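Under UniProt numbering, the residue at position 276 of the sequence shown is numbered 276, and the numbers go up by one with no gaps.
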Amino acid sequence: MRWHMRLGILLACTGAVANFGLLTLSGWLLAGAAMAGLAGAVAAQSFNILLPATAVRFFATTRILARYLEKISTHDTALRLTGRLRSWLYARLAPQAPAGLVSVRGGDILSRFVSDTDRVAAWYTDVAVPCWRAILCSLFFAGVFLCLLPQAAAVLGGGLALAVMGVWCLAVRPVRGLMQRSVERHAALQAELADTLHGLGEWLVLGAMPRQIAALNARQTALTNTHRRIAAHEGLAGSCITLLMFCTAVGVLGVALQAFRAGQLAGPEVPMLVLGTLAAFDVVAALPGACVAAARTQLGAQRLAACETGESKAVATPAQPVAPYDLEMRNLCFSYPQTGAAVLDHTTLTVRQGEKLGITGPSGAGKSSLVALLFNFWPVQEGRIVFGGVDVSTTDAETLSSLISVASQDFHLFTATLRDNLLLAAPQASEADMNEALRIAQLATFVAALPQGLDTLVGHEGLRLSGGQARRLSIAQALLRRTPWLVLDEPTEGLDDATEQALMQALLAACPRTTILCISHRSGVLPFMDRVVRLEGGRLCPEGEKT
Ligand SMILES: Nc1ncnc2c1ncn2[C@@H]1O[C@H](COP(=O)(O)OP(=O)(O)OP(=O)(O)O)[C@@H](O)[C@H]1O
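Written out as structure tokens, the structure reads:
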């Protein structure tokens, strides 16, 4: 990566030097040819136009090539940086989910992933390249002037230094505060927009859309105003550079004319120095934009760094549970950090491999929370959860999910086909496997009746399916994974009695050795279980045992 970065800077400097060479040499050539022409036919014939004209063509071609290659090289590097940053961010955010991200808005995470990584990666193209080019080329141009005429070098050096100071005063300091506001407003707008799109149906049904549009418009206007003020500062700094460029060119012209009169300079060298001054200022013209980009990058980097402060549950070497995959929850005490209200109070539960356990209890008793704890999504305040002989806090969600499949209440279907959603759960599944899973989930008849069968699109979040069909598709996903454990959270919610019975019978017949943990309130489901426990007041008690 470092070599890619250096190459980009080298190419940018080559382009600037070629531009400088082209302008200075053209000035010298035109003035020289004019003066030779005025001096008479003999002087005109003896004027060697061939060599400088070839050099002019060389610089023109080099400038085009260097700028073209610079764009390819720097953008390639910036894309590599963006890719690395996004992987880095994902690696930091994923272990924090879901407990560590519960207070962060989805849109804000999206904003960090997309905009902040872009801002930070743009540091290379928008800040590093222009700044290094300005520093290295300014020194080189001043060195060339020094060889030709030290007074001109002093004027050029002074002009360039003043330009940098002007940029500092007009674009760096005032822009910092504005940029902070702009980045915050941009992130808030993006988060609001993502939330609005996500809940578009609710906004429309509740008649709140005009209010929401007005709120989004107000945010957008505030953001545009901030952008306008930043652009005004950048424009002011740019104008200051242009003014300084003309003043410096006039100053260089003055000292060059004096040197010409004193015989220190040849006539064609006077326009050469003036045009060289204009070319030299070309490299500082990009500095106001670079300063604004630097402020933007700094804030993006701060927002990305803030993602690291969240509590990560990443385990270096996750412990591997071993068969039999028995579960023991011992003396568990748990409350959500935000509320503090006890969900589990010294709860104890043992489930043996192959058992079919029903969990029932009032709404909000903590049944789904129990499953979240099994995956170590939340830290428990007291007690232990041992699965397959391993404390779940010493392993990770990936290891656990290879052994436990969950068809949860708040499942998510992707905007893709039925087949894609099934293959997401089990990429190796064959057509026959998928059909079998659909048969058990009581979806085979429905899918067979679809003109495109498994290739039917389910719509945004499965909107083209009924609630019950979508839920059964998530059960089919869980079944396809063929894990030793299956957790079903209200699997038959929204189903008629006949379908419910058919589903439970097919499920038990297909998974005789699988441990099934079924959370349900439904009286038609619980009799299929070996035993049922009731969760109430944070405690589990047997509801009844099948003999
Ligand atoms: N992420 C969360 N942060 C804070 N509190 C939560 C969170 N998730 C659930 N709760 C609270 O924890 C309690 C238990 O919720 P849980 O979803 O586990 O209940 P449940 O028994 O599965 O309910 P239901 O039968 O309605 O699905 C509830 O009071 C709920 O408000």
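All residues carry an ideal CB built from backbone N, CA and C; glycine is no exception. Here the structure is a predicted model, which means the values were calculated and not measured.
Beta-carbon spacing of residue i, residue j below 8 Å
| i | j | result |
| --- | --- | --- |
| Asp326 | Gln353 | yes |
| Arg119 | Arg2 | no |
| Ser335 | Ala407 | no |
| Ile230 | Val175 | yes |
| Arg92 | Cys307 | yes |
| Leu373 | Thr417 | no |
| Thr125 | His186 | no |
| Ala294 | Val127 | yes |
| Leu357 | Val533 | yes |
| Leu149 | Ala256 | yes |
| Leu332 | Glu398 | no |
| Ala279 | Leu23 | yes |
| residue 583 | Arg57 | Because the chain spans 1 through 547 in this model, residue 583 falls outside it and cannot be assessed. |
| Ile404 | Val322 | no |
| Thr360 | Met329 | no |
| Leu400 | Ala470 | no |
| Ala33 | Ile49 | yes |
| Thr242 | Arg181 | no |
| Glu202 | Val292 | no |
| Leu517 | Val351 | yes |
| Leu7 | Ala55 | no |
| Glu490 | Ser466 | no |
| Arg63 | Ala18 | yes |
| Trp485 | Thr514 | yes |
| Asn421 | Val458 | yes |
| Ala429 | Leu495 | no |
| Arg531 | Thr492 | no |
| Gly199 | Phe20 | no |
| Val183 | Leu299 | yes |
Residue i: CB within 7 Å of a non-hydrogen atom of ligand 1
| i | result |
| --- | --- |
| Thr360 | no |
| Tyr336 | yes |
| Ser87 | no |
| Val343 | yes |
| Ser182 | no |
| Ser523 | no |
| Ser369 | yes |
| Gln409 | yes |
| Ala365 | yes |
| Thr347 | no |
| Thr339 | yes |
Nearest-angstrom beta carbon gap, residue j and residue i [assumed within contact, 8 Å]
| i | j | result |
| --- | --- | --- |
| Arg133 | Ala12 | 5 Å |
| Leu236 | Pro130 | Actually they are not in contact, since the Cβ atoms of Leu236 and Pro130 sit about 18 Å apart, beyond 8 Å. |
| Val155 | Val274 | Contact flag wrong, Cβ pair sits at about 11 Å. |
| Pro451 | Asp396 | 42 Å between Cβ atoms; not a contact. |
| Glu543 | Val525 | Contact doesn't hold; Cβ gap of about 13 Å is too wide. |
| Phe260 | Val270 | 5 Å |
| Gly106 | Ala194 | 6 Å |
| Ser402 | Asn376 | With 8 Å as the limit, Ser402 and Asn376 do not qualify as a contact, their Cβ atoms being about 14 Å apart. |
| Leu178 | Gly366 | Going by Cβ atoms, the distance from Leu178 to Gly366 rounds to 48 Å, so no, they are not a contact pair. |
| Thr77 | Met5 | 6 Å |
| Gln409 | Ser363 | Actually they are not in contact, since the Cβ atoms of Gln409 and Ser363 sit about 11 Å apart, beyond 8 Å. |
| Trp28 | Pro268 | 5 Å |
| Gln212 | Thr196 | 6 Å |
| Ala285 | Gly238 | 7 Å |
Check whether the stretch 456-463 touches the stretch 423-438, taking contact to mean three or more Cβ pairs, one atom from each stretch, closer than 8 Å. Too few Cβ pairs lie closer than 8 Å, so no.
Per the contact definition of three or more C-beta pairs closer than 8 Å, is the stretch 107-116 in contact with the stretch 134-154? Too few Cβ pairs lie closer than 8 Å, so no.
Do the stretch 420-429 and the stretch 473-487 touch if we need at least three Cβ pairs shorter than 8 Å? The stretch 420-429 is in contact with the stretch 473-487.
Does the structure place the stretch 156-169 close enough to the stretch 216-233 that three or more beta carbon pairs sit under 8 Å? Judged by Cβ distances under 8 Å, the stretch 216-233 makes no contact with the stretch 156-169, as fewer than three pairs qualify.
Is it true that the stretch 155-165 meets the stretch 71-85, where meeting means three or more beta-carbon pairs spaced less than 8 Å apart? The stretch 155-165 vs the stretch 71-85: no contact.
For the 8 Å Cβ check, are there 3 or more pairs between the stretch 497-515 and the stretch 337-349? They do not touch, by the three-pair rule.
Three or more C-beta pairs under 8 Å: does that hold for the stretch 437-448 against the stretch 380-390? Short answer: they don't touch.
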